Each structure stands twice: as C-alpha cells, then as structure tokens.
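Undergrad: Have a look at the structure that comes next, please.
Right, dumping it as structure tokens:
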C-alpha cells in the first residue's frame, strides 16, 4: 500500500500550481465575471496543454489514461487559484461522454468548454408549494451554459443535449452563472461517471479554496497589526486558524480515497467519495468563515482577491452533492450523493 | 409587561441560595450517593420549610398557590448546589396529584419524597432489536424509586402507582439511581401538569448547574497558574468562558417564559417550555465541557465537588425531554417534549 | 412577572400594524446600496417620519412619540414582521442621535435631529481608519484648530469602512484634536458634510458587489465649532458612552430576528421534507434563539423599572448572540433552498435569503469584532485577568 | 497511489484476525481500573505476548514481530474490531519503550522491554505535578545524587495524575537533577519501583469513581544509575523526542476509532428511526472522521518511504482531531441510547457507551491540552507569531 501521491503525481500538481500562479487567475476570474471569457479560456487552454482533461480519458480514446487522483490534485490547484469557468463539468463530460460521440476530442484540447446540469437542482422549486413539490426530472441548472460551447442535461439514467431557458442568473460567486436547462436528444454517455467525477473535482476545488483561504489568512494575520501587535499573535485568532488547518489536513486523505474509489480500485471504499465532498465542504466553509473573521472588513469587500474564494466556497458547497446528501450516501454505502 | 422577577421572587430565590450554601449540599450529595439519604432528606425538609413544594399547590389545597416562575428560580438554586434526590419529581407530583388523593399533604411538608417514571424512558430498549422495537407503555425508569416514599408511573393519559422491577442502576450522576417500574393502580392526577412541571424544573436545575460550573471555572482560572500566569489570562480560555456566559444568559429568559407558559398565562407562548429545556440543556452542556477543559485533570476527578454538577448535567440533559424531543415540540407548537 | 402587554401597549402595536399594513410597499424596494434604492429608501424614511413612525422612542419635539423601550421593541417586531424596508437612516438614528441626546447641545438637537428622522439628512459613520479597525483608539485622522469663519476645525486624514457613505449627506466620527495625546485621549467627536470641499468619497463594494461602504479622504475640511459634539478632547467618552445604547438592543433589534425566524419556519414548511429532522432542528434552534433574544429584550425593558435585575454588559453579550444567530439562521435558509437556488444572487424571489446571509456575515466583525466582545465579557463581566 | 495491501500485509491481517477471534474473551474483562480487572488485563497482556501479538512493531529480540507501521495499523484495526480488552501496558509500550529505543542502553532494553511487553512489569507514567500540569517544565520533584549502593539518585517530590499508578509495578518520569537549572534544563528521565521504600501511592478516582490515576509522594527513593535513561540533565529532550512517536498515531490508533464508528453505525441501525436524519448525520460524521483518521494513518505509513510527502506536526493535529472526534462519537452514542439508558453507568450492556464517553472526555486534556496543541499548530506549522 502506498497511499501518498508519487513523485510524478506531485510534480504534475506542482506544475499546475506554478502555471496558475503565474497566469493571474484572479484577473481572469474578474474578467469572466464581467463578461469577458477570453482570459479564462486562455487559462483553460494552457491547463489543457499540460494534459489536464486528457487525464480523464483512456489512451485508446485519445487521452492520457484514467487518473482521478491526479485530476483531484490538479483541481485542488484550480480551487486554490479560483480559476473561472465550468472546468469541473468539462472534465467530467470528457470522461463520461461516449467516445463515439463527436464532442470529447475538442474537450481534450481545451478548445471547448462544456457544462451539464447538476441533477440535484432538478426540483422545480420556483413552483414548489409544499413538501410534495413537483419535480421535473432533467430540469435543472447548468453552470455557465450561456457561454459554454456545449451543454448537457443529466436525466434519470442518462444524458441529453440541452436547451437553455431563461436568463443566466448571477451566483454568489461572481464568476459563475446558473442557467436553467431542459433536456433535448439522448446522448450516449456514462452518467454515473460524470456525476462521480464532478463530485470529486468539486470537492478538490473546495479543498484548494480552503487551503488558499487559510494561507491568505495566516499571511494577513502575521502582517496586520492592531493594539500594537500582529493580530496573528492573539491566541483566539491562532486557535481559529489551527482549527482550519486540522479540518483541511483530514479532508485531503478522504479526497484521495474518493479519487481511488472513482478510479474503480477494488481496495477503495465507495463511501470515501461522498465523505470527501462532505469533509472538503465543511473544511472550506470553516476556512471561509475564519478568513472573513481574521480579515475583518477587508474580507467583506469585493475588491480583495481572497474573497473570490470565499464566495466560490459557498457556491461549491451545495454543487454536486450537498452536505446532507453526502452524509446520507455515506450511510447507504455511496458512492453518489443523492 | 414586567418580565423580570419582582422583589419578593428574587428575595425567595436568595433565601434558597443562602440556605443551600450554608447546608453543605455537596456533602449531602456524596452521602446520598453512598447510600445515606439522611442529610439529603434533612436538606429537603429545610427547603420544604421555606414553602418550596407549597409553591406548586393552590392555597385551597393546603399550598401557597401556583407559582411556576418562583419554583423555577428555586430549582435554579437546587441545580447550582447539586442537591440530591428526586426533588423535581416530588414537586411535580405535589402539583399534579389530585387533591383528593392521600399523598400531597406529606409532600408539602417535606416529609415524603416521591418519584415518577419519565415516559420517554418507556421503550423497552433492553429487548429492542430494530427501529420497530417493542414499546411497553408505562414501563420506564423512575429516579431513586428504591429510596423514595412514593413511586408512580406515567402511562398514556394518566398516572398509576408503581412496582419496581430489578435492581437500582447507578447513573453517571453518582447521586442518582434509575429503577425500572411497571404500572399498578390508576391514580387521579393531571399527567400533563406533572410532565410540564418536571420539564421546567429540570431545565431550571440545568441552568443552575451551568451557572455554578461557570462560576467555579472562572474562580479556578483566575487562581490556577501555569506558564507563569493565571490560566484565565489566556485568551482561548477567556473566550470559551465568555461563550458559556452568553449561552447561560440567553437560556434564563426562556426558562421564565416556559414558567409563565406552565403557569397558564394567556400571553405566554407554550413553545417556550421545550425551548427552555433545549436552551438550558445546551448551555449546561457547554458549561460542563468548558469546566472540564479549564480545570484539566482536576475536573476529571470524582473528589472535586464541581464534577458532581458536571455529571448531573449529563444525566439531566436527557431527562424529561431530550434535545431532539424539545426541538420537535418547538416546531409543533409545544408545550410537551414528546 | 408576566408577559402581558398593557392596553396602551396593545393599542400601540395595533396602530403600528395598521399603519404598516397600509404603507409598506408591496414590492421590495431596490437595494439601498444603489443610487436608485438609496433614493427610494430615503422617501420611505420621509413617509415614516410624516406619520410619526420614524423614531418612535424619541421625544415628540424631535419627531418621535416618546415611546417606552417596550413600545420600541413592539414597533420593531411589527416593522420587520411587515417586511418593511431596511432603515437607511440607521446610522443617524441609532448611533449619532443617542450621542446628541447625551452630549449635544439643545441647539444641535433642534437643528440635527428632525432632518435625521425625516431622511432629509442621511448619515454615514466615519469611525474606522486603515490602521484603526478593531483598535479604534489607534486612529490618526486629525482636526486642526482654525479661527476662520467664526472658529472651527480642519479635518485631514483617511477614514474607511464608512457605511452608507457612498450616497449619504453627512458623516460623523472621531478626530484627533490634540496631537500631543495618544490613544483614546485628545479625540473629538465631529460632524461634517460629505460634499464639502476637500472631501473625497471612494465607494467600496462589499461581497455582493454593491457599494455598502466607502473610504473618505479628508484634506483640510472645515467644520464649524457648532458641529463638535461634547467637549473637544472628550470624543472617546462621548462615542463609547452610547455605544451600548439601550443595552445594545438598538444595533439589531429582536424584532428583526423573530421575523426572520418566522420566515425561516415558513420556508421550512414549504420546502422541507417534514421528516428531515436534521434541517428541522436547525429551524427550531433559529426560532429558539430569536425567541431568547426577544425575551431578553423584554427583560431589559422591564429592568428599567427594576434596575438591579438588569444584567450588566448586555451590549457585548447581545452582539455575540445575535450575530451568530443571524448567520446560523441564514445558513439554514440557504440549505433549505437547496443546490442551485441557494447560490443565486439575483433573479429569484428567494435571493433575499442570500442578501440576508451576506448582510449577516458582517455581524461578527462590525461594531467591535466578536473577539473583542468576548474579551469584554471575560474581563469585565466574569472578572478574568486582563491582557491577552 | 493506492490502498492495496500487499500479500504479506493481507497475511498479517488474517493471522491477527484468526488469533484474536480465538483468544479474545467472550465477556468483557472487568474494568482495568479495579484490582480484579487489573489482574485480568495483566493476564491478557501475557497471553498476547506469548503468541507474539503484544508489541508487533518491536524487534523480535524484545518480543515483537518487527512489523511495519502499516502492519501495526492493521493490527490495531483488527484488535479493536475484535472488541479486545484495553491495553493495561500502554504506558510502557507507547511512552516508555520509544524512549528506551531512542535513548536507552542495550542493557536497559534487554532488561526492561521483554517484561514490559509481557505485562510482567506494568508501568505508570509520572509526568505531572500539582504545579506542573500543562506547564510540564515547571516541575519541582528532584533527584539528588548519592553514591550509595554503587551510585544513583534519591527522588523526592510529589507527582500526580499518574495513570495506572494505583495498581502498576513501576513508574517513569522527569526529575530535576540539577537544582541550579530552570524550566526544561537540568531534568533527568528516571524509572523507579512503586513499592520501593519512600514511595506512597494515593489513588485518585476519576469521574466514574474508579482509581484511574494516583498521586505519588516520593521521599528519598533510591534509583540506581542503571535506571536513568539517557544522559542526566537531558531528560526533557528524551521525553519530548518521543512524545510525537509515530506521528502521534500510537497515542490512540486509528483502529480504535474505525471500530467505534462501526459500533455506532450498528447501534444506529438497531435503535434509530431511519428517517431521523438529525442523528443519522452525526453517525455519518463519526464514520467520516474515523475514516479520515484511518486514511491519514495510511498516508503517514506510506510517507516513511516517501518522506517529503509527510506533513509536519502531525502529532498535534492528530491529537486535536481524534480527541474531538472521540467525544462527538460517544455523545452520539449516548443520544442514540436515549433518556434513561444513556446515563446508566452499570448494569446494562449499553453502559459501555458511557464508559467510552468518560474515557473520551479526558482526550482534550491529557498528553498536552488541545489549547497547547492548537498553539503548536498555529506557531510551528502555520508560523504565526509566538506568544499568547
């Protein structure tokens, strides 16, 4: 048993991290929020050039193989950097669309971005009028469908093309819009793989966002002075940040466990996938709350880059498996949050 | 509106507090735990001499009237002092047994102690083998039935005499034993009043125990030195204790609100009773956990008096309304936890 | 003790309820953090004022009704239960006015309070500075003495996190008038117009992108002596003596939370699986918390008559309690909305929950962080040793 | 990366499981905090030792199997899953032995380790003193040099919170051998018999009334030079260097929590309304926490081969994590038992949950309070400024 990323795996994650650190992801995120997707798309193409989406596709289908743990590590980095766009959905679709369909090739090159509805958003809540609210299967929100090249809908047991209905709605994450979609033609795909990978990579982004929020908070607390001393020297601040560090530390092994379950390892436990989403969500939530408290008013402003992550963490918390759904899946044996 | 105890009410609570402080309640509690009820009974008789149980019985029935708020304040003090014995049950029965029955008179004088089963303990868990576990209505645990003068069983819609079955079982609170009882003859009583008053007074004892745990912890933190300074000067310790103070402060108004609901005030909200039990339980639980942490190993010892309260708080937390039952009652409109 | 309202109090409640039912706009006003919404909220303040509901607890001479603290609690309950607009005049009514009542001159009160109550003058607060956030006594902005125009002060410096400043008319804050003194000594409490020469206002957007506060740059801004509150050099005392005004209940009234808890219960009934006890318990806890704060408010109002029963340091304890309750309550609301809906900032009726959440997030930070409030509770109420 | 055990590891697991299935007593032993239970647990240690399962990670020369860290994790999983008895020899195996391996002489190892592994010698730890709890460096007990009986030390002072001391054979701890030095300097690590002349042991009962620890009063107790570990005066370093032994996993192994979480899940299935999501989510969280700790253990074991991947300061983070998990897990168990049953200390099979809860309560306090662990994480891992 060797339950740590090997050298190559770590090297790849480091490459992605460096690439993103140099590429100005926060500027790309702000441009994306303002309606200019060019920097974000360029960023995605440079990530694709490193082979990122190809890590989700077997070699015989033009990819590099089926590497969920490596993908998870790479998406920790996209979460840390706050990269905009439907990357999770694009990679999940690259993995789950049948190779006979015309779309995967362009997803691997980074040329196309694709998105798909999260089936948990499918209850038509706008017309809900009680616990027995009408559910229209296959109606739901897809992230950034208004700017994606391809949009799909997850329906019971399958995948379809999509038609957008209504205007894109702004999310708490300014670089994210939600678009209601209705199903079109059936498409050959593995919907379980799409959902599983989307859950894993969303968890990874949450972990990365949480780690960046902790790092930013520690740096700020060490430098910001009040009452004649760094605020990071106050024990109450220290203990809050230590609790965040502990939560993040123990979320990461679950993320890798979930990745091995998604990879299909016989020795993996399928419950690790919902467990990972739950643990990464909670750790990122704690990191966000703490970052806000440590930064004071600064952490409440739009212009401070770290707050991009704080808002993204809130949005991703419910995406591809709420905490409640993940806990339920852990008890029923996983792998997919309901 | 005057939602504060008046002078007479406060005076009475102060009298009870002084009486208990002078009477060595911890010694009485330790003797009770060791099987010697004499000091505890003497303490209860001196409380009865102040008119305590008589505040639960109308004047025409030989009592002083129906004063749940004053009873609540007095039971905050019994909780603070950790007085042993089934006092909650005795006073609830004094209020709820029909005046035509032969028992109330001796309860008012303090001569007799009485106890009654908590109906929530009625599921026969020893033989439970699944969610559909057999429930034997009217079978349950009564506190200290082995030493009480009178024991009753709350059954669906009524009250009966009791027969003890099995040996008294030691509780986490060493001054408390649980005895399984089965119902006997029906007795004329108001079971709702018994349950409501038992819930209120248990909440009051929890609040009192919580306040004493806070006071003891603050005193210890101010005096105990480590690393060359009082442990109470560490911000992490301060903040934990401040959180306890806040929880306790906001539990007390609910306790009084619950008392007015039990009194039957039209302006009271019946939900305040389960809300009070929930809030007092949570505050006492936080106070107990914090006391343990502030005291270190000392707070983990049998011989340190404050730990009597720490253990009592755990026992009372589930008595006469668990947190789950109280929350459910709040949502369904109260007043009784299910 | 009891919870019975007097006939007068019941009449007061009925009057408020009737008026609100007739006047509260059917549609929510646009966000008060926009120019359009600010104007709409200002008009609403005028409407409240015209009917005597703007500042019920103030003396009639200044546009109030001389309401008791209990009546004010009742008004707030009705106000938020009616879904009435947020109060754009809150800085003036809840922060500035208590200081004027305690430390201002009769001339100042007569001149300033009525337009404040009417929404004619909307106030920004100007406490914080870049290097003086939690540590307010570290402020550096200064006021230099001048004898120009009959005597006054010239303000220079840099204020920030000034709520309402993007659209408000005037601001109040502390300035160092005695450069020889340090920390909380030598400060004065001054008011100044935001359109005066030398004032630059740079709006700052909060998390939702709206300019809820601003930086204020001051370059020798003239303030006449009549706009100093209290004695020059005694500003700290003036500011702090009213910080815990009405035991801190005014900062966020119980009525706000009882109304929000009721909306949450409604959302839960509408949306949740009734068997989902995990979310139900959080709804119950929100109700319990709001009710506890409401009852604590009644106790505080009753305590005015019976002073020894009133607990000390209520302002700090209240602040900790409601700010954490507010976040829990709105997090529960977002979780009830579920994936998708929970994160939508605009375009759905439910986005009010996200607005409420964003607003709630500021609670543990502003008006003294909860860390500072816990220090106060620990040191001053519990008597633990000073120093951190 | 993977989670696949090698064939050798699977064999090791099968061997442990088979042996445990055959040997673990059907009925739980009496509490090890009673004389009767202590003797029964000592016999169990001898049985473990005779079959080579007492100290699997030790070299064969001392009675172990030379197991890897991964194998040790496997053994612990099987051990707790089998419901095997608590380890009365834990102090000797997990606290003393690592110090002997790192700082002892070969003579000491040969003399001390086998009887420790066999339960022939059961050890108490003697770290704390009345004035040195969290602040261990404040200890005052001293060892004076003597040339009597071939040379050694005379121990005097007052130790407390000494676990196992009520019934153990020997104890180890730090003593001040250089009275000129202060704090963590001038301390030596010594071993002494609890039945020696000059030793008085006063048992202290924990919350459940059982003597889980004791005070030890020492009055010129002779310790020969051969029972000093490491250099005299270097005791602090010897004690601390092994405090985070196996990255703190040994203090409470992951297997303990995965087994407890499994029992909780079983209790939940048996007792809970399946629709009661409020309690179900806590059961899920307990499983998630135990699994996280288990996987973190596998990562640490893998990290031995791949050192740069091992996170630093794991011991402090592990301690915070498992101690809080342990309490949450057992609180959930008590809540599942429900009113009445939850508080019963003896007489029902379920009272094991209350025992577990009592045991768990000590977690955030002993072996360095969680406050101190958070200070360590904040200052040494995160690099926040020192000082509190």
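Residue numbers (full-length UniProt numbering), protein chains in the order written: chain A, 1 to 338; chain B, 1 to 338; chain C, 1 to 388; chain D, 1 to 388. Glycine included, each C-beta is placed from N, C-alpha and C at the ideal position. Owing to the predicted nature of the structure, the values given are computational and were not obtained by experimental measurement.
Run through chain A and tell me which residues come within less than 7 Å of residue 362(C), C-beta to C-beta.
TA: Your numbering for residue 362(C) matches position 362 in the third chain. Result: 300.
Undergrad: Short check: CB of residue 1(D) to CB of residue 3(A), under 8 Å?
TA: Here residue 1(D) refers to the residue found at position 1 of the fourth chain. Here residue 3(A) refers to the residue found at position 3 of the first chain. It is a contact, given that the beta carbons lie within the stated cut-off.
Undergrad: In the DSSP assignment, what residue or residues form a beta bridge with residue 123(C)?
TA: For the purposes of this step, residue 123(C) is taken as the residue at position 123 of the third chain. Looking at the DSSP assignment, residue 123(C) forms a beta bridge with 170(C).
Undergrad: Less than 6 Å between C-beta atoms, sequence neighbours within five positions excluded: which residues of the same chain meet that for residue 98(A)?
TA: Residue numbering aside, residue 98(A) sits at position 98 when the first chain is read from its first letter. Hits under 6 Å: 188 and 189.
Undergrad: Confirm, please, whether the CB-CB distance from residue 232(B) to residue 385(C) is below 8 Å.
TA: For the purposes of this step, residue 385(C) is taken as residue 385 along the third chain, with counting starting at 1. For the purposes of this step, residue 232(B) is taken as residue 232 along the second chain, with counting starting at 1. Yes, the Cβ-Cβ distance between residue 385(C) and residue 232(B) is below 8 Å.
Undergrad: List the whole-angstrom C-beta distance separating residue 104(C) from residue 288(C), where the pair is believed to meet the contact cut-off of C-beta under 8 Å.
TA: Here residue 104(C) refers to the residue found at position 104 when the third chain is read from its first residue. Here residue 288(C) refers to the residue found at position 288 when the third chain is read from its first residue. That belief does not hold up - the Cβ atoms of residue 104(C) and residue 288(C) are roughly 40 Å apart, past 8 Å.
Undergrad: Would residue 102(B) and residue 57(B) be called neighbours here (beta carbons separated by less than 8 Å)?
TA: Here residue 102(B) refers to the residue found at position 102 of the second chain. Here residue 57(B) refers to the residue found at position 57 of the second chain. No, they are not a contact pair.
Undergrad: Count the other C-beta atoms from every protein chain shown that fall within 10 angstroms of the C-beta of residue 147(C), then say buried if there are 16 or more, exposed otherwise.
TA: In the third chain, counting from the first residue as 1, residue 147(C) sits at position 147. Exposed is the call here.
Undergrad: Count the other CB atoms within 10 Å of the CB of residue 395(C); is the residue buried (16 or more) or exposed (fewer)?
TA: This structure cannot speak to residue 395(C), because chain C is shown only from 1 to 388.
Undergrad: Would the stretch 317 to 325 of chain A and the stretch 235 to 253 of chain A be scored as touching if the rule is three or more Cβ pairs under 8 Å?
TA: No, the stretch 317 to 325 of chain A is not in contact with the stretch 235 to 253 of chain A.
Undergrad: Against chain A, with Cβ distances strictly below 8 Å, would residue 288(D) count as a contact?
TA: Translated into positions along the fourth chain, residue 288(D) becomes position 288. True, the Cβ-Cβ gap to chain A drops below 8 Å.
Undergrad: Could you pull the DSSP bridge partners for residue 38(C) from this structure?
TA: If you number the third chain from 1, residue 38(C) lands on position 38. Paired residues: none, contrary to the question.
Undergrad: If you follow the beta strand (DSSP E) that residue 185(A) is in, where does it begin and where does it stop?
TA: Counted from its first residue, the first chain places residue 185(A) at position 185. Its beta strand (DSSP E) spans residues 177 to 187.
Undergrad: Residues of chain C with a CB under 8 Å from the CB of residue 322(A): which are they?
TA: Here residue 322(A) refers to the residue found at position 322 when the first chain is read from its first residue. Residues of chain C passing the Cβ test: 335, 338 and 339.
Undergrad: If distances are taken between C-alpha atoms only, which option among 143(A), 298(A) and 66(A) comes closest to residue 340(C)?
TA: Reading the third chain from its first residue, position 340 is the one you call residue 340(C). Taking only the C-alpha atoms, the option nearest residue 340(C) is 143(A).
Undergrad: Taking the straight line between their C-alpha atoms, what separation do you get for residue 362(D) and residue 297(B)?
TA: By one-based count along the fourth chain, residue 362(D) stands at place 362. By one-based count along the second chain, residue 297(B) stands at place 297. Those two C-alpha atoms are separated by around 8 Å.
Undergrad: Please confirm if residue 207(D) has its CB atom under 8 Å from at least one CB of chain B.
TA: As a first step, residue 207(D) must be located in the fourth chain, where it is residue number 207. It does; some Cβ of chain B falls within 8 Å.
Undergrad: Applying the 10 Å Cβ sphere with the 16-neighbour rule, what's the burial state of residue 294(B)?
TA: Locating residue 294(B) in the second chain gives position 294, where the first residue counts as 1. Buried, by the Cβ-count rule.
Undergrad: Using a Cβ cut-off of 8 Å (strictly closer), state whether residue 239(B) contacts chain A.
TA: Translated into positions along the second chain, residue 239(B) becomes position 239. It does: the Cβ of residue 239(B) has a partner Cβ on chain A nearer than 8 Å.
Undergrad: Out of 198(C), 201(C) and 141(C), which has the shortest C-alpha to C-alpha gap to residue 177(C)?
TA: Position 177 of the third chain holds residue 177(C). Residue 141(C) is the option with its Cα nearest to residue 177(C).
Undergrad: In or out: residue 132(B) buried (at least 16 other Cβ within 10 Å) or exposed?
TA: The sequence position of residue 132(B) within the second chain is 132, counting from 1. Only weak support is given to the placement of residue 132(B): the predicted model assigns it a pLDDT of 40, under 50, and the question is left unresolved by the model.
Undergrad: Which word fits residue 18(C), buried or exposed, when buried means at least 16 other C-beta atoms lie within 10 angstroms of its C-beta?
TA: Reading the third chain from its first residue, position 18 is the one you call residue 18(C). With fewer than 16 other Cβ atoms within 10 Å, it is exposed.
Undergrad: Drop a sphere of 10 angstroms on the beta-carbon of residue 302(D), count the other beta-carbons inside from all chains shown, and report buried for 16 or more, exposed for fewer.
TA: As a first step, residue 302(D) is located in the fourth chain; it is residue number 302 there, counting from the start. So residue 302(D) counts as buried.
Undergrad: Okay, do the stretch 304 to 311 of chain B and the stretch 265 to 273 of chain B touch, 3+ Cβ pairs below 8 Å being the bar?
TA: They do not touch, by the three-pair rule.
Undergrad: Counting only runs of 3+ residues fully inside the stretch 62 to 133 of chain C, write out the beta strand (DSSP E) ranges in chain order.
TA: DSSP runs (the beta strand (DSSP E)) wholly in the stretch 62 to 133 of chain C: 123 to 126.
Undergrad: Please report the Cβ distance between residue 165(D) and residue 196(D), rounded to the nearest whole angstrom; I am assuming they are in contact, meaning their Cβ atoms lie under 8 Å.
TA: Residue 165(D) sits at position 165 when you count from the first residue of the fourth chain. Residue 196(D) sits at position 196 when you count from the first residue of the fourth chain. Not a contact, Cβ separation roughly 13 Å.
Undergrad: Which bits of chain B does residue 245(A) rub up against, with CB to CB less than 7 Å?
TA: In the first chain, residue 245(A) corresponds to position 245, counting from 1. The contacting residues do not exist; residue 245(A) stays about 15 Å from chain B at best.
Undergrad: For residue 314(B), I'd like the list of residues in its chain whose CB is within less than 6 Å of its CB, leaving aside the five on either flank, ordered along the chain.
TA: Within the second chain, numbered from 1, the residue matching residue 314(B) stands at position 314. Result list for residue 314(B): 172, in chain order.
Undergrad: Among 295(D), 161(D) and 145(D), which residue has its Cα nearest to the Cα of residue 257(D)?
TA: Against the fourth chain, residue 257(D) aligns to sequence position 257. Looking at the Cα atoms, 295(D) is the closest of the given residues.
Undergrad: Are the beta-carbon atoms of residue 182(A) and residue 152(A) separated by less than 8 Å?
TA: Stepping through the first chain from its first residue, residue 182(A) is reached at position 182. Stepping through the first chain from its first residue, residue 152(A) is reached at position 152. Their beta carbons are not under 8 Å apart, which means residue 182(A) does not touch residue 152(A) by this criterion.
Undergrad: Using a Cβ-Cβ cut-off of less than 9 Å, give me the residues of the stretch 342 to 371 of chain C that come near chain A, in sequence order.
TA: So the list reads 342, 343, 344, 345, 346, 347, 348, 349, 350, 351, 354, 357, 358, 361, 362, 364, 365, 366, 369, 370 and 371, given in the order they occur along the chain.
Undergrad: Would you tell me roughly how many angstroms separate the C-alpha atoms of residue 140(A) and residue 148(A), rounded to the nearest one?
TA: The residue you call residue 140(A) lines up with position 140 of the first chain. The residue you call residue 148(A) lines up with position 148 of the first chain. Taking the straight line from one Cα to the other gives about 16 Å.
Undergrad: So residue 57(B) contacts chain D; which residues on that side make the cut at Cβ distance below 8 Å?
TA: Residue mapping note: residue 57(B) aligns to position 57 of the second chain, counting from 1. Under the 8 Å cutoff, chain D gives no residues; its nearest Cβ is about 27 Å from residue 57(B).
Undergrad: Extract the residue ranges of the beta strand (DSSP E) inside the stretch 240 to 264 of chain A, only unbroken runs of 3 or more that lie entirely within it.
TA: Complete beta strand (DSSP E) runs here, min 3: none at all.
Undergrad: Counting only the same chain and skipping the five closest in sequence on each side, list residues whose C-beta sits under 8 Å from that of residue 70(D).
TA: Position 70 of the fourth chain, counted from the first residue, corresponds to residue 70(D). Cβ within range, chain order: 5, 9, 298, 301 and 302.
Undergrad: For residue 111(A), which beta-bridge partners are listed by DSSP?
TA: As a working mapping, residue 111(A) is identified with position 111 in the first chain. In the DSSP output, where bridge partners are listed per residue, residue 111(A) has none listed.
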